[in-house]
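Report on the structure given below.
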Amino acid sequence: MQETDINLLVGGPQGGGIDSAANMISMAFSLAGYNIYGIREFHSNIKGRHSYIHFRIMHERPKSLKYPVDIMVALDPDTLFEHMFDVAKGSKVVYDSAFNTFNLKNARMITSDTMGRIQDELAEKNLSFDVKGVLDYFKSTGIDVIAIPFDKLINENVHDGPANRYYNTLGAGTTLALLGLDEEHADDGIKFAFKKKPKVVESNIKVIRAAYDYVEKSPLKVATLPTYPAIPRMLLTGNDATALGKLMGGLRFQTYYPITPASDESTLLESHEDMKFLQNADKIVNKAGLVVVQCEDELSAINMANGAALTGTRSATATSGPGFSLMAEGIGYAGMTEIPVVITFYQRGGPSTGLPTRNGQADLLFALNTGHGEFPKMVISSGDMEECIYDGMKSLNYAQRYQMPVIHLIDKTLANTMDLVPEIDVKKVKIVKYNENTNHENFKRYSLDTENGISPYGVFGKDIFWMTGDEHDELGHVTEDSAMRDKMMEKRMQKLVTADREIPLEDKAVLYGDENADITYVTWGSQKSLLIDTISELKKQGISANLLYLRMFEPFPAEYVAKVLKNSHLIIDVESNMTGQAAKVIRMFTGINIENFILKYNGRHMTLDEVLKSTKNIMEKKTALEVLQEGS
Amino acid sequence: MQKGVEDKGKYNFRNNITIDWCPGCGDFGIVSAVTQALSNMKMDPDDVVAVSGIGCSGKTPHYLNIAGVHTLHGRAIPYAVGVKLSNPNLNVLVMGGDGDLLSIGAGHFVGEGRRNSGVKVILYNNSVYGLTKGQAAPTLPLGEKVKSLARPNIMGKINPITLAMASGYSFVARAFSSEIKQLSYIIERAIKHEGSAVIEVLQPCPTYNDVNTLDWYRQRVYKLEDDKSWDPVVNKKEEDEEKFDTGYRKSLEWGDHIPIGIFYENNTIPSYTNRLAGIVPEYLKYPPALQEVADKDGYTIVDPIKTFSEKDVE
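For the record, the sequence lines run as chains P and L. Residue numbers for the first sequence follow this note's numbering, beginning at 1 and rising by one. Residue numbers for the second sequence follow this note's numbering, beginning at 1001 and rising by one.
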């Protein structure tokens, strides 16, 4: 029997219950023993504009998404237009039969640029500018179009508010029925999705029944999907996983200013300030909870986090590109005065306000070069849920150990990826404390009596010492003495050498796949799991490939990266930016010049199919630069 | 340092670092008043922290024998709030200039009024940016020409007292750098007040401000408390409207007579730290700075599944 591999897209208006539908579908499948992997795409808008979730459902844990999807569910007519090209022969399109008379010119929420592209396509094929035209396009391509009478089915079964309140449940229910998932799991999905609103569970379950009944009585019914024992897991996004990791890593003070796609981390933490403890904490009296502060701006957020660190608190902030730009000066201060602070940096499409709700990896060089002057900082990056959790813990450890700002890069794709995480190992990462000061009299906060550059850490409330962003002496007072300046610069920068020496290679760079391969991909961030999948796909086709995956950019594992790349044949750099920033970093640190690129900067996540296709084009020497364009 | 001094009242809050302010600078008076207040309160030097911004005022923490942070231009308040909220047992003093707090840091000045986290802001007001050679500060009146300006000031001035009151500070006062006794008393009162405080200190800049000189101030200032009926303290919510109104109107007086003293003190507004204690019950007892985050073997004590139970699928 072929392994279940369902690719699914659910689209509808923002604020139209897409999240509930997604939650319900995810839960139904996970309770049936499946794994799901989904990415949420949305506009910078509260209500009305098009949003969607792109899913993959497998028994094994999926690592990537692909187009075309097997089923597309349209909760509004816009979805049919926006995703015209995301379906192909053999796909099913489910939509509300009421859309049949919808004209494209009434789709006011589709931006004029997108509208123009759709009209051009329809015109070229001599099709009308309406739903009928799109449906004709689907039919001519060999796509099954399935019209469901949404209002009729809902009005016949529930009498609780307007019918459109249930569109999302009906869409999700129809999808599950069409896929052959048993109804009991669909009901469980409803119970989970509406856990906080038990009153609406009953009527939504009636809608599920209606959907299943409709499909059963139609010629659409398919074979029942197998179910598997479901193991306990957590349904996490990258935002959730990072929040969880930071909390486990001892975070007790977080600041933020609202910004997409970072604030979900902080608001989640805000709702869990009174955290729950493990049994090993039973004997620990001094435990309480977390403080999350919504600040007046990002200048305040970084500097308040710096301030909290001065009392010995493990503190952090989270932001995205525009906020990070404002934080640069505060990060420089933390570098100069040796403050342990973590900045979780969720990258989105830039520059400026850019694409506020879309993906980007264009801030790597900015993170490496944050702030004026030369000061030590660490730059790390995560690529999947587990890394978000454990890097969240490690980021705080690094900050404490090396007394410097740690910038933790995560991209929007990963922040908004939904994934089922099977287990969280509370003993995987030990909590590292700062180098505690034992001499409270005549304390030298910036003692030069250190080989590794790490001076004893002082804590307000226990130690008297001074701090200044000016160059300073061992006590922390301002100095402009030329010799002291040299010593302090060297002491601070020495800490990066120490970090490089102490941190194991697997936290800096990892080679996935065979050591000797025809193709070596280089990437970082959310493309990690996608490229691991790509390697397996290529292997099935008889092509050997491996992946040099980068996790730490400062300190940079130059020697190892050079060793791997010198043994490689065809090197392809894969990034979600226009200029190949990681490749530039590699060239800067190793002198190796990567010449082949697969890049994407339209703000959408990369998919398996487009990477495979581009790889072949590069292998056949058709091009050295592939710019990916998929995604609505 | 002189830590470990048995009698806390004899601790020397001034250290041996050479002060490099100009002779006649009003900042000297502020240092004297701060150290007097701390000595008078028999403050444990470990329990107080000085946080400053940039400029002449920014150097103050270096001259005090307590933990001190000389931060970035405009950012003293966020640092101070970070210290205060992570360890509310500490008394946190903010020392900033008029440019620092009311221009580059104005957003934080207003934001802190809303928070009321309990930091005490001492605002050094000499109407000029001294360390960059005398440009107009946001407290210099429109049309005023001090000697360092090329032309009369083209911008209007901010009244620090009205701005502080409008922002929500629950303790608002004005002092004069040469009236050290009164300033010291106000600082003590502010430290004892639970919420956040703003103390505007009028002071001369003998090098760059030749208008608002020591004598200019001496001829004009008068103390609010000299009027025995002056009572700016709100202890019941229903007194607030009238006392806020009276204090606000009084603060508008400027020119031949300049009032100094406490304009407004409201003890009915809960501080941010008390608001937090309503969410995390043990917060005041075990604030972030005093919490243990790992067990004896160094492992986390946070239960990821119970904490994020809504994400658990079983």
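Just so it is clear, CB atoms sit at the ideal spot from N, CA and C, and this is done for glycine as well. Nothing here was measured: the structure is a model prediction, and the numbers come from that model.
- Message: Less than 8 Å between CB atoms is the rule here; does proline 1045 of chain L satisfy it with respect to chain P?
- Response: If you number the second sequence from 1, residue 1045 of chain L lands on position 45. Judged by the 8 Å Cβ criterion, proline 1045 of chain L is in contact with chain P.
- Message: Against chain P, does valine 1283 of chain L count as a neighbour if the rule is that its beta carbon must be under 8 Å from one of theirs?
- Response: Taking the first residue of the second sequence as 1, we reach residue 1283 of chain L at position 283. Looking at the sequence shown, residue 1283 of chain L is not valine but tyrosine. So yes, tyrosine 1283 of chain L belongs to the interface.
- Cβ of isoleucine 572 of chain P within 8 Å of Cβ of isoleucine 519 of chain P? For the purposes of this step, residue 572 of chain P is identified with residue 572 of the first sequence, where counting begins at 1. For the purposes of this step, residue 519 of chain P is identified with residue 519 of the first sequence, where counting begins at 1. Yes.
- Item | Every unbroken beta strand (DSSP E) inside the stretch 522 to 584 of chain P [3 residues or more] | 545 to 550, 552 to 554, 570 to 575
- Item | Three-pair Cβ contact test at 8 Å for the stretch 1194 to 1212 of chain L versus the stretch 1161 to 1173 of chain L | yes
- Among residues of its own chain, excluding the 5 on either side of glycine 332 of chain P, which ones have a beta-carbon nearer than 8 Å to its beta-carbon? Taking the first sequence and counting its residues from 1, the one referred to as residue 332 of chain P is at position 332. Thr370, Gly371, His372, Gly373, Phe375, Gly469, listed in sequence order.
- Which term fits arginine 252 of chain P, buried or exposed, when burial requires 16 or more other beta carbons within 10 angstroms of its beta carbon? Start at 1 with the first residue of the first sequence, and residue 252 of chain P comes out as number 252. With 16 or more other Cβ atoms within 10 Å, it is buried.
- If we count the other Cβ atoms within 10 Å of its Cβ and call it buried at 16 or more, is leucine 1252 of chain L buried or exposed? By one-based count along the second sequence, residue 1252 of chain L stands at place 252. It counts as exposed.
- Task: Taking only the alpha-carbon atoms, compute the straight-line gap between serine 30 of chain P and glutamate 184 of chain P and give it to the nearest angstrom.
- Result: Numbered from its first residue, the first sequence carries residue 30 of chain P at position 30. Numbered from its first residue, the first sequence carries residue 184 of chain P at position 184. Whole-angstrom Cα-Cα distance: 13 Å.
- Message: So that I know if they touch, is there some Cβ in chain P lying closer than 8 Å to that of arginine 1075 of chain L?
- Response: Working through the second sequence from its first residue, we reach residue 1075 of chain L at position 75. Closer than 8 Å to some Cβ of chain P, the Cβ of arginine 1075 of chain L qualifies, so yes.
- So, helix, strand or coil for arginine 604 of chain P, using DSSP? In the first sequence, residue 604 of chain P corresponds to position 604, counting from 1. Of the three classes helix, strand and coil, the one that applies to arginine 604 of chain P here is coil, per DSSP.
- Going along chain P in order, which residues have a C-beta closer than 7 Å to the C-beta of glutamate 1292 of chain L? Here the question's residue 1292 of chain L lines up with position 292 in the second sequence. The contacting residues are Ile284, Asn286, Lys287.
- Per-residue DSSP class, three states only, for phenylalanine 42 of chain P: Walking along the first sequence from the start, residue 42 of chain P turns up at place 42. The answer is coil: DSSP assigns phenylalanine 42 of chain P none of H, G, I, E or B.
- Query: In terms of residue numbering, what span does the beta strand (DSSP E) encompassing methionine 1041 of chain L cover?
  - Reply: Indexing the second sequence from 1 puts residue 1041 of chain L at position 41. Neither: methionine 1041 of chain L is in no beta strand (DSSP E) and is coded neither H nor E.
- Secondary structure at methionine 619 of chain P, three-state DSSP: helix, strand or coil? As a first step, residue 619 of chain P is located in the first sequence; it is residue number 619 there, counting from the start. Methionine 619 of chain P: helix per DSSP, three-state reduction.
- Interface flag, asparagine 1089 of chain L vs chain P, CB-CB below 8 Å: For the purposes of this step, residue 1089 of chain L is taken as residue 89 along the second sequence, with counting starting at 1. Taking Cβ atoms only, chain P reaches closer than 8 Å to asparagine 1089 of chain L, which makes this a yes.
- Query: Near valine 1327 of chain L, what residues of its chain come up, given a Cβ to Cβ distance below 6 Å and the 5 sequence neighbours on each side ignored?
  - Reply: Since the first and last residues shown for chain L are 1001 and 1314, residue 1327 of chain L lies out of range.
- Can you tell me the Cβ-Cβ gap for phenylalanine 277 of chain P and valine 1302 of chain L, rounded? I've got them flagged as a contact below 8 Å. Along the first sequence, one-based indexing puts residue 277 of chain P at 277. Along the second sequence, one-based indexing puts residue 1302 of chain L at 302. That belief holds up - the Cβ atoms of phenylalanine 277 of chain P and valine 1302 of chain L are roughly 6 Å apart, short of 8 Å.
- Item | Buried or exposed by the 16-neighbour rule on C-beta atoms within 10 Å, applied to tryptophan 466 of chain P | Stepping through the first sequence from its first residue, residue 466 of chain P is reached at position 466. Flag for tryptophan 466 of chain P reads buried.
- Contact set for isoleucine 635 of chain P: own chain, Cβ-Cβ below 7 Å, skip 5 residues either direction: With chain P covering only 1 through 632, there is no way to say anything about residue 635 of chain P.
- Item | Terminal residues of the alpha helix (DSSP H) in which aspartate 213 of chain P lies | Taking the first residue of the first sequence as 1, we reach residue 213 of chain P at position 213. First-last of the alpha helix (DSSP H) with aspartate 213 of chain P: 198 to 217.
- Could you say which of P/Leu290, P/Leu364, P/Asn397, P/Val201 lies nearest to isoleucine 339 of chain P if we only look at CA atoms? Residue numbering aside, residue 339 of chain P sits at position 339 when the first sequence is read from its first letter. Per the Cα distances, P/Asn397.
- Item | Short-range partners of chain L found in the stretch 27 to 48 of chain P, where Cβ spacing is below 9 Å | Met27, Ser30, Leu31
- Under the three-state reduction of DSSP, which class applies to threonine 1018 of chain L: helix, strand or coil? Residue 1018 of chain L sits at position 18 when you count from the first residue of the second sequence. It is coil, neither helix nor strand.
- Apart from the five residues on each side of it in sequence, which residues of its chain come closer than 7 Å, Cβ to Cβ, to serine 1271 of chain L? Stepping through the second sequence from its first residue, residue 1271 of chain L is reached at position 271. Asn1116, Ser1117, Gly1118, Glu1194, Gly1195, listed in sequence order.
- Thinking just about the alpha-carbon of each residue, which of P/Tyr390, P/Tyr457, P/Gln347 is nearest to the one in glutamine 403 of chain P? Numbered from 1 along the first sequence, position 403 holds the residue referred to as residue 403 of chain P. Here the closest residue by C-alpha is P/Tyr457.
- Message: Among P/Glu82, P/Arg492, P/Gly90, whose alpha-carbon lies nearest the alpha-carbon of leucine 71 of chain P?
- Response: Here residue 71 of chain P is taken as the residue at index 71 of the first sequence, counted from 1. Contrary to the premise, residue 71 of chain P reads as isoleucine rather than leucine in this sequence. It is P/Gly90 whose Cα lies nearest to the Cα of isoleucine 71 of chain P.
- Message: Buried or exposed, going by whether 16 or more other CB atoms sit within 10 Å of the CB of glycine 1278 of chain L?
- Response: As a first step, residue 1278 of chain L is located in the second sequence; it is residue number 278 there, counting from the start. With a threshold of 16 other beta carbon atoms within 10 Å, glycine 1278 of chain L falls short and is exposed.
- Query: Does arginine 233 of chain P come within less than 8 Å of chain L when only Cβ atoms are used?
  - Reply: Along the first sequence, read from residue 1 onward, the residue named residue 233 of chain P stands at position 233. So, interface residue.
- Among residues of its own chain, excluding the 5 on either side of alanine 88 of chain P, which ones have a beta-carbon nearer than 6 Å to its beta-carbon? Indexing the first sequence from 1 puts residue 88 of chain P at position 88. Excluding positions up to five away in sequence, the list reads Pro68.
- Query: Considering only residues of the stretch 18 to 66 of chain P, which uninterrupted alpha helix (DSSP H) runs meet the minimum length of 4 residues and lie entirely inside it, listed in chain order?
  - Reply: 18 to 31
- Item | Closer than 8 Å to chain L by CB, glycine 330 of chain P | Numbered from 1 along the first sequence, position 330 holds the residue referred to as residue 330 of chain P. Glycine 330 of chain P counts as touching chain L.
- So, is glutamine 1002 of chain L buried or exposed, given that buried needs 16 or more other C-beta atoms within 10 angstroms? Position 2 of the second sequence, counted from the start, is the residue given in the question as residue 1002 of chain L. Low local confidence applies: a pLDDT of 46 at glutamine 1002 of chain L is under 50, so the model's placement there is unreliable, with the coordinate-based value given in what follows. Label assigned to glutamine 1002 of chain L: exposed.
- Task: Determine, using beta carbons only, whether leucine 1085 of chain L comes closer than 8 Å to chain P.
- Result: Here residue 1085 of chain L is taken as the residue at index 85 of the second sequence, counted from 1. Judged by the 8 Å Cβ criterion, leucine 1085 of chain L is in contact with chain P.
- Residues in the stretch 1056 to 1071 of chain L having any Cβ partner in chain P nearer than 8 Å: Lys1059, Pro1061, His1062, Asn1065, Ile1066, Ala1067, Gly1068, Val1069, His1070, Thr1071
- Should the stretch 607 to 617 of chain P be called in touch with the stretch 531 to 542 of chain P, which here means at least 3 C-beta pairs below 8 Å? Touching, yes.
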